[in-house]
Amino acid sequence: MPDIGCWTLVIWSSVQHPVSSIQRPILLAIQGGNAYDCGSGFSTVTSLVPTYNVHQIALSLVPGVGGVLIRQLISYGGSAEAILAMPPARLMKIPGIGEVTARAIRQPNLLPDAEKAVRLLEKTGTSVLFYTDANYPTRLKTLYDAPALLYKLGNADLNATRTLALVGTRQATDYGRRITEEIVQTMQPYGVSIISGLAYGIDIAAHRASLAAGLPTVGVMASGIDIIYPSAHARTAHDMQELGALLTEHLPGVKPDPRFFPARNRIIAGLSDAVVIVEAAAKGGALITAEYANNYNREVFAVPGQVTQQFSAGCNKLLRENKAQIYTSPADLIETLNWDVDPAKQVAAKSSASAPLPLDFTTQETQVVSLLRQNPAIHVDELSWQSQIPMGQLASLLLSLEFRGYVRTLPGKRYEVVYV
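The sequence shown stops at residue 512 when you use our numbering, and every number in between is there.
As structure tokens, this is what we get:
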């Protein structure tokens with residue numbers, strides 16, 4: 093351990109840590125964002141102690157200020173700390189900020205309340221992901237209504253190469269559970285991360301099948317990270333954290349509320365490359381997830397069912413209205429999402445990465461083709477985010493490149509380089 097600078101000593105509780113399962117007291121010395129275990133040769137244990145930006149959390153506590161407005165504020169002020177210190181008169185010059193919101197931002201209790209929240213986060217070992225952070229899910233960054241803050245408990249990579257959401261009714265039939273398990277088992281060779289909502293029925297079947305298959309699975313919650321709902325799924329939620337994670341936009345202590353579930357569904361849809369509605373009634377949360385997925389340009393699949401079956405009515409409705417593709421086998425997913433790409437083709441594409449680009453390429457064309465070289469079969473939404481080119485402009489640019497033979501469209505709104 094270095095012997096210079098200022099140190100903070102922290103005694104970590106002997107209560108079992110939810111991620112690492114450590115059950116002994118630990119004396120930590122903290123300096124410069126690193127934590128050193130003083131009881132085991134000063135080994136670095138940074139993963140044990142998440143870091144928190146109290147100003148970002150405080151900004152999220154302002155009544156009436158959600159993800160969209162937080163982005164607006166940060167774009168003008170530069171940081172949450174600067175926004176919280178800004179005089180009301182200056183805040184009111186920011187589009188969307190009126191007198192009531194400006195006064196709410198200057199409430200003196202925001203920082204103390206945020207500090208209390210941090211203490212709760214520390215107790216659970218929860219990580220905080222702000223939308224400007226490098227490890228914030230890239231699939232969400234391009235979405236206008238994505239949460240500004242996410243709270244994560246577990247080890248899952250939220251930027252996994254392949255993600256799939258499986259959702260459906262809480263009153264799943266044997267048929268629905270069997271289809272769910274079949275899909276998850278078939279995804280095992282492809283290393284797919286399975287996303288769902290930790291609810292009864294199809295959701296919990298998807299999570300448990302993922303655990304059995306050794307696949308990471310992410311449970312998106314409509315409550316604080318410390319309140320598992322339903323409580324009957326607490327053991328599964330704990331087991332998910334080793335390879336997967338629990339994820340929410342709510343602070344610890346927040347109880348589930350009917351208003352939160354539709355908003356939770358937008359996160360499920362946004363995190364996923366595709367959404368499969370396994371079973372659903374004519375109305376319900378699964379159809380809300382499908383609606384979000386379509387709005388986000390995600391692939392949507394529905395498992396057809398008997399016309400007399402109540403919990404197939406929603407799936408059949410999606411298919412009838414052309415809001416979902418029919419699911420008949422896992423091959424439908426794999427082919428549409430281009431997850432069956434020949435590895436030899438991927439190697440050939442990588443071998444062309446050093447070839448010079450045509451001299452007549454514009455700056456943006458060079459940027460896009462370079463990104464396609466680095467990210468074979470990239471989704472158009474992610475390409476827009478990485479290039480920071482607006483979707484309409486990017487669509488025209490890709491069409492031009494495809495017409496000239498430099499790129500081609502793949503199933504699932506993805507693109508790849510042809511030969512440059």
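The C-beta atom is built at its ideal place from N, Cα and C for all residues, glycine as well.
The Cβ atoms of residue 181 and residue 147 lie no closer than 9 Å to each other. Secondary structure of residue 307 (DSSP, three-state): coil. Nearest in C-alpha terms to residue 400, of all of 409, 215, 296, is 409.
In the structure shown, the three-state DSSP call for residue 339 is strand. About 6 Å separates the Cβ atoms of residue 428 and residue 391, confirming a contact at the 8 Å cut-off. Where residue 219 is concerned, the enclosing beta strand (DSSP E) starts and stops at 219-222. Where residue 394 is concerned, the enclosing beta strand (DSSP E) starts and stops at 391-394. Residue 252 is a Cβ neighbour of residue 284, given a cutoff of 9 Å. Counting along the chain, no beta strand (DSSP E) covers residue 496, and no H or E run does either. A distance of 9 Å or more separates the beta carbons of residue 239 and residue 196. The closest CA to that of residue 463, considering only 421, 506, 169, is found on 506. Going by beta carbons, residue 359 and residue 407 fall outside the 9 Å limit. When Cβ pairs closer than 8 Å are counted between the two stretches, the region 246-266 is seen to touch the region 224-233, the count reaching three or more. Here residue 484 is exposed, its C-beta having fewer than 16 other C-beta atoms within 10 Å.
The straight-line gap separating the alpha-carbon atoms of residue 496 and residue 233 is approximately 30 Å. When the alpha-carbon of residue 492 is set against those of 457, 430, 302, 342, the nearest one is in 457.
Taking a contact as a CB-CB distance under 8 Å, the pair residue 340 and residue 315 counts as one, their CB atoms being some 7 Å apart. Going by DSSP, residue 159 is part of no beta strand (DSSP E) but of the alpha helix (DSSP H) stretching over 159-169.
Excluding five sequence positions before and after residue 205, the CB atoms of its chain that fall closer than 6 Å to its own CB belong to 153, given in chain order.
Residue 332 and residue 300 have their alpha carbons spaced roughly 9 Å apart.
Straight through space, the alpha carbons of residue 168 and residue 389 are spaced by roughly 29 Å. For residue 498 against residue 472, the beta-carbon gap comes to about 16 Å, at or over 8 Å, which does not count as contact. One thing to note: residue 174 has its Cβ no nearer than 9 Å to the Cβ of residue 260. If you draw a 10 Å sphere on the C-beta of residue 488, you find fewer than 16 other C-beta atoms in it, and that means exposed.
According to the DSSP assignment, residue 243 belongs to no alpha helix (DSSP H) but to the beta strand (DSSP E) extending over 241-246. Taking 9 Å as the cut-off, the beta carbon of residue 241 is found no closer than this to the beta carbon of residue 216. DSSP places residue 181 in the helix class (H, G or I) of the three-state scheme.
Collapsing the DSSP output to three states places residue 501 in a strand. Under the 10 Å beta carbon count, residue 236 is surrounded by fewer than 16 other beta carbons and is classified as exposed. For residue 417, the pairing in a beta bridge is given by DSSP as 393. Within the region 462-489, the complete alpha helix (DSSP H) segments at least 4 residues long are 472-479, listed from N- to C-terminus. DSSP places residue 216 in the uninterrupted alpha helix (DSSP H) bounded by 202-216.
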